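Be aware that the sequence shown starts at 9, since it is given in our numbering, and climbs by one per residue. Glycine included, each C-beta is placed from N, C-alpha and C at the ideal position. Fair warning: this is a prediction, and the values are worked out from it, not measured in the lab. Structure first, then comments.
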Amino acid sequence: MNLFQNAKFFTTVNHLKDLPDTPAEIAFVGRSNAGKSSAINTLTNHVRLAYVSKTPGRTQHINFFELANGNFMVDLPGYGYAQVPEAIRAHWVKLLGDYLQTRRQLIGLVLIMDARHPLKALDIQMLDFFHATGRPVHILLSKADKLSKNDQIKTLGEVKKALKPYTERQSISIQLFSSLKKHGIEEVNQVIGKWFARHQAEISGLQQND
């Protein structure tokens with residue numbers, strides 16, 4: 009089952025006070041031009057659900073999409089370079105940071121990295137920053153089709169090895185992903201499905217204890 013099939017745009021937010029009341033959310037984040045919007049469109053089987061631009065950094069708000077199971081997918085602003093005024097950049101850096109650290113409904117983070125250029129400094133900073141929440145991270149090594157099969161295996165192994173210290177302190181899973189070839193969709197669904205199931209079990213347990 010594809011959790012993301014039939015996802016619908018719900019709302020866009022530019023201030024934390026406007027965040028909607030949702031049961032549970034998973035968020036997508038990544039460096040500008042890492043392939044985040046393409047990954048979302050591929051997972052949802054929708055050509056333009058998330059805006060794809062040749063100009064990186066165009067997602068400047070927090071965009072909410074409702075999933076068929078009643079939970080939500082959130083598209084966060086890309087981090088890194090973007091040709092926008094400094095005041096706007098500072099606003100969405102704070103918006104992104106505050107959302108990630110304070111959003112109660114956020115149960116996990118999908119971090120997109122270009123398979124050709126993984127583990128950049130900003131990616132490591134994101135892992136360090138999100139670690140404080142204690143929530144899981146699933147890494148998509150996107151644009152895997154740009155690498156040969158041997159290089160895909162090599163890159164996946166190198167990233168896993170480099171992240172070993174991080175996986176010992178928080179739950180991190182890693183996979184190859186290709187929007188062009190539609191490769192890796194089932195694996196994403198399995199991981200995110202487990203997150204939602206675990207969250208539901210925790211909610212049910214709390215309700216039974218009340």
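Quiz item: Cα-Cα, which of PHE138, LYS190, LEU127 is closest to LEU164?
Solution: By one-based count along the sequence shown, residue 164 stands at place 156. The shortest Cα separation from LEU164 among PHE138, LYS190, LEU127 belongs to LEU127.
Query - GLY116 - DSSP class collapsed to helix/strand/coil - result: For this step, residue 116 is matched to residue 108 along the sequence shown. DSSP places GLY116 in strand when its eight states are reduced to three.
For MET9, count the other beta carbons within 10 Å of its own beta carbon; 16 or more makes it buried, fewer makes it exposed. Which is it? Here the question's residue 9 lines up with position 1 in the sequence shown. Exposed.
- prompt: Anyone know if the C-beta pair for PHE36 and VAL118 falls short of 8 Å?
  reply: To locate residue 36, count along the sequence shown from 1; it is residue 28. To locate residue 118, count along the sequence shown from 1; it is residue 110. The answer is yes: Cβ separation under 8 Å.
Checklist entry - Are the beta-carbon atoms of ARG124 and LYS151 separated by less than 8 Å? => result As a working mapping, residue 124 is identified with position 116 in the sequence shown. As a working mapping, residue 151 is identified with position 143 in the sequence shown. Contact: yes.
**Spatially closest choice to ILE200 from SER45, GLY116, LEU188, ARG97, by CA coordinates** = Start at 1 with the first residue of the sequence shown, and residue 200 comes out as number 192. Closest by C-alpha distance to ILE200, out of SER45, GLY116, LEU188, ARG97, is GLY116.
Among the residues of its own chain, which have a CB less than 6 Å from the CB of THR63, if the five just before and after it don't count? Taking the first residue of the sequence shown as position 1, residue 63 is located at position 55. Residue placement at THR63 cannot be trusted, given a pLDDT of 45 that sits under 50; what the coordinates show is reported in the next sentence. Within the same chain, no residue comes within 6 Å of THR63 by CB-CB distance, once the 5 residues on both sides are set aside.
*Would you decide whether PHE17 is buried or exposed? Buried here means 16 or more other CB atoms lie within 10 Å of its CB.*
If you number the sequence shown from 1, residue 17 lands on position 9. Under this definition PHE17 is an exposed residue.
Give the range of the alpha helix (DSSP H) segment to which HIS125 is assigned.
Numbered from its first residue, the sequence shown carries residue 125 at position 117. Careful: HIS125 lies outside any alpha helix (DSSP H) and carries neither H nor E.
Apart from the five residues just before and just after PRO144, which ones in its own chain have a Cβ nearer than 6 Å to its Cβ? Taking the sequence shown and counting its residues from 1, one reaches residue 144 at position 136. The beta carbon of PRO144 sits closer than 6 Å to those of GLY116, SER179, all from its chain and outside the five residues before and after it, given in chain order.
Discussion item. I need the straight-line Cα distance from GLU74 to ILE182, nearest angstrom please.
Written reply: Position 66 of the sequence shown, counted from the first residue, corresponds to residue 74. Position 174 of the sequence shown, counted from the first residue, corresponds to residue 182. When rounded, the distance between both Cα atoms is 25 Å.
Which stretch, first to last residue, makes up the alpha helix (DSSP H) that contains VAL167? Numbered from 1 along the sequence shown, position 159 holds the residue referred to as residue 167. According to the DSSP assignment, VAL167 belongs to the alpha helix (DSSP H) that extends over 157-170.
Check your understanding: Taking the alpha-carbon positions, what's the VAL6 to GLN133 distance?
Key -> Within the shown structure, residues of the chain are numbered from 9 to 218, placing residue 6 beyond reach of any answer.
For LEU188, count neighbouring C-beta atoms within 10 Å of its own C-beta (all shown protein chains included) and say buried if the count is 16 or more, exposed if not.
The count along the sequence shown starts at 1 and reaches residue 188 at position 180. With fewer than 16 neighbouring CB atoms inside 10 Å of its own CB, LEU188 falls in the exposed class.
**beta strand (DSSP E) segment containing LYS16, residue limits** = Mapped onto the sequence shown, residue 16 falls at position 8. For LYS16, the uninterrupted beta strand (DSSP E) run begins and ends at 16-21, by DSSP.
_Is ASP153 a contact residue of the ligand SAM, with contact defined as CB to any heavy atom under 7 Å?_
Because no ligand of any kind appears in the structure shown, any question about the ligand SAM cannot be addressed here.
- Whether ASN79 touches ALA15 by CB criterion (8 Å): As a first step, residue 79 must be located in the sequence shown, where it is residue number 71. As a first step, residue 15 must be located in the sequence shown, where it is residue number 7. When the beta-carbon positions are compared, ASN79 and ALA15 stay at least 8 Å from each other.
Practice problem: Step through the CB atoms of chain B and report whether any lies within less than 8 Å of the CB of GLY201. | Solution: Note that chain B does not occur in the displayed structure, where there is just one protein chain.
Assuming the contact rule is C-beta atoms closer than 8 Å, SER186 and ASP159 should be a hit. Round their C-beta distance to whole Å, please. Start at 1 with the first residue of the sequence shown, and residue 186 comes out as number 178. Start at 1 with the first residue of the sequence shown, and residue 159 comes out as number 151. Actually they are not in contact, since the Cβ atoms of SER186 and ASP159 sit about 13 Å apart, beyond 8 Å.
Residues that DSSP places opposite PHE72 in a beta bridge: Residue 72 sits at position 64 when you count from the first residue of the sequence shown. Per DSSP, THR19, VAL82.
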